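J.: If you use our numbering, the sequence shown corresponds to residues 8 to 111, in order. Backbone N, C-alpha and C fix where the C-beta goes; we use that ideal spot for every residue, glycine too. All values reported here derive from a predicted model rather than from experimental measurement. Here it is, the structure in full.
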Amino acid sequence: WLTYRIREPRFDDAFSQMPNLGVSEEEASSIAHYLLSGEGDEADAAGVPLWQRLPPPRHRYTALAFVAGAVGAFVLSLWVHRRRRGKLREAPGGGPLRRAMAQE
């Protein structure tokens, strides 16, 4: 299957992104054998610890920034709410609601 997939990438998936390389049957067989054998894996990983072979954590900082922004927005909204509430109490006449009730 892999040999034919290398020769004709769109035989089982018409929307395949892999280009048709135009390789012969022998070349495709050699490529498939190399891919299935995993020959390059041991040579590349020899002596390198697992944590150094892992990809960098890209989304950790995104999540941290989201949480920090949410906490900051919550604190800011509490501060604005308390500030507005305090101004209404300190306003002459006790705020707009009390003034409206006093006029009745």
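Less than 7 angstroms between the C-beta atoms of S36 and T10, yes or no?
T.: It is a contact, given that the beta carbons lie within the stated cut-off.
J.: Cβ-heavy atom distance between M25 and the ligand MG below 6 angstroms?
T.: No copy of the ligand MG appears in this structure; indeed no ligand is present at all.
J.: When the Cα atoms are used, what is the spatial distance from H66 to V74?
T.: 13 angstroms
J.: Please name the residue in F22, G29, P26 and L43 whose C-alpha comes closest to that of L8.
T.: Per the sequence shown, residue 8 should be read as Trp rather than Leu. When only C-alpha atoms are compared, the closest one is L43.
J.: Over the uninterrupted alpha helix (DSSP H) stretch that includes W58, give me the two end residues.
T.: L57 to R60
J.: Just curious, the alpha helix (DSSP H) that H40 is in, first and last residue?
T.: E32 to S44
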